[in-house]
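Encoded as structure tokens, the structure appears first; notes follow it.
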Amino acid sequence: MAVSFPPKRSPAYRSDNLHSAVQVSTIEDMSDTAARPLRRDAVENRAAILDAARIVLNADPDAGLEAIAAEAGLTRRSLYGHFASRDELVRELIANGAARVAAAVGSVDHEDPLVRLGIIAAGLWREVADIRVMAVLAARGPFARTTAAALAGLRLRVLTAVTEAQDLGTVRRDVQPGVLANLVENAALGVLDESARWKFDTATGHRLVIAMVFGMLGLSASEAAAVAASAPELAGPTR
339 MAVSFPPKRS PAYRSDNLHS AVQVSTIEDM SDTAARPLRR DAVENRAAIL
389 DAARIVLNAD PDAGLEAIAA EAGLTRRSLY GHFASRDELV RELIANGAAR
439 VAAAVGSVDH EDPLVRLGII AAGLWREVAD IRVMAVLAAR GPFARTTAAA
489 LAGLRLRVLT AVTEAQDLGT VRRDVQPGVL ANLVENAALG VLDESARWKF
539 DTATGHRLVI AMVFGMLGLS ASEAAAVAAS APELAGPTR
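Residue numbers for the sequence shown follow our numbering, beginning at 339 and rising by one.
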């Protein structure tokens, strides 16, 4: 009985298949590498850089990467492994801060739109009181567009509250809603400006940011104080 054998494979055939296998293996390895998350030490270093940048730039907005790397306890080369430039670092720092503010006050709700605006103002102050210089830089400096994009949802909530309050007649009506909402935002930022200059405490900042926002909305000092006293949500720190 004849026995049949499979045809012999040529060396070229085997070589091609070996080459293909190597290619597949290499592609898979590259895919695994691309999908692999940062190592724990890399994540910790990145967080340390951002924390250091927050401290250093709040003290000196013009500080360079050397000072930030030193504060983080890393070399400048290590810093460049995470951020290609100072602008890239500052943008991420601002985006993170804006996201934190939006998360903290973006869900604020109150049936009285005037009180709601006060809560938003107080929440903004609370979130940025320890980074006042950076907050002003983020809102009014060269990275204002980055900040505006991150806070777009919050700004819409301010505009909505202003419009509702005007409809109720509890705030001034001689200014268009959009303009008044922008003026309210600038009033809050003005408190940040002055707090960075005069270094007043958290309780003073809380009281002033609410008073300035309510004043911009058309309330007198006594009316603003009465509204603040009537809403437990607007109670601030004692110092």
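Note that CB positions come from ideal geometry on N, CA and C, so glycine has one too.
At which residues does the alpha helix (DSSP H) containing residue i begin and terminate?
i: Arg514; result: In the sequence under discussion, the amino acid at residue 514 is Gln, which differs from the Arg named in the question. Unbroken run through Gln514: none, as it is neither H nor E.
i: Arg478; result: 470-478
i: Arg438; result: 424-443
i: Pro570; result: Where Pro570 is concerned, there is no enclosing alpha helix (DSSP H), given that its DSSP letter is neither H nor E.
i: Glu449; result: Note, Glu449: premise wrong, no alpha helix (DSSP H); not H, not E.
i: Thr508; result: No alpha helix (DSSP H) holds Thr508; DSSP gives it neither H nor E.
i: Gly543; result: 540-554
i: Ala487; result: 482-488
i: Ala408; result: 403-410
i: Leu417; result: 414-418
On the criterion of 16 or more Cβ atoms from any shown chain inside 10 Å, does residue i qualify as buried, or is it exposed?
i: Pro575; result: exposed
i: Val517; result: exposed
i: Ser445; result: exposed
i: Ala490; result: exposed
i: Thr485; result: buried
i: Pro451; result: buried
i: Ala567; result: exposed
i: Asp367; result: With a pLDDT of 44 at Asp367, under the threshold of 50, the modelled position of this residue cannot be trusted, and the question is left open.
i: Glu593; result: There is no way to answer for residue 593, as the model of the chain reaches only from 339 to 577.
i: Trp463; result: buried
i: Arg545; result: buried
i: Gly507; result: exposed
i: Ala573; result: exposed
Would you mind working out which of the options sits nearest residue i, comparing C-alpha positions?
i: Ala559; options: Gly411, Ala567, Ala549; result: Ala549
i: Tyr471; options: Val394, Thr540, Asp379; result: Residue identity differs from the one stated: residue 471 is Val in this sequence, not Tyr. Minimum Cα distance to Val471 is reached at Val394.
i: Leu388; options: Ala433, Arg415, Asp531; result: Ala433
i: His420; options: Glu382, Gln504, Glu532, Arg464; result: Glu382
i: Ala514; options: Gln504, Glu523, Thr508; result: Before going further, note that residue 514 is Gln rather than Ala in the sequence given. Considering only alpha carbons, the answer is Gln504.
i: Arg476; options: Leu521, Ala442, Asp531; result: The amino acid at residue 476 is misidentified as Arg; the sequence shows Ala. Considering only alpha carbons, the answer is Asp531.
i: Ser416; options: Asp379, Pro399, Ala437, Arg429; result: Asp379
i: Leu455; options: Arg493, Gly435, Arg384; result: Arg493
i: Asn520; options: Val496, Gly543, Asp512; result: Val496
i: Ala386; options: Ala401, Glu404, Gly411, Ala442; result: Gly411
i: Glu430; options: Arg511, Ala482, Ala573; result: Ala482
i: Gly528; options: Ala563, Arg511, Ala562, Ala459; result: Ala459
i: Asp425; options: Ala391, Ala569, Ser533; result: Ala391
i: Asn524; options: Ala397, Arg510, Gly553, Asp539; result: Gly553
i: Val428; options: Asp400, Arg438, Arg414; result: Asp400
i: Glu317; options: Arg511, Gly435, Thr498; result: Outside the displayed range of the chain (339 to 577) lies residue 317, so it cannot be described from this structure.
i: Ala437; options: Arg414, Val453, Ala487, Asp398; result: Ala487
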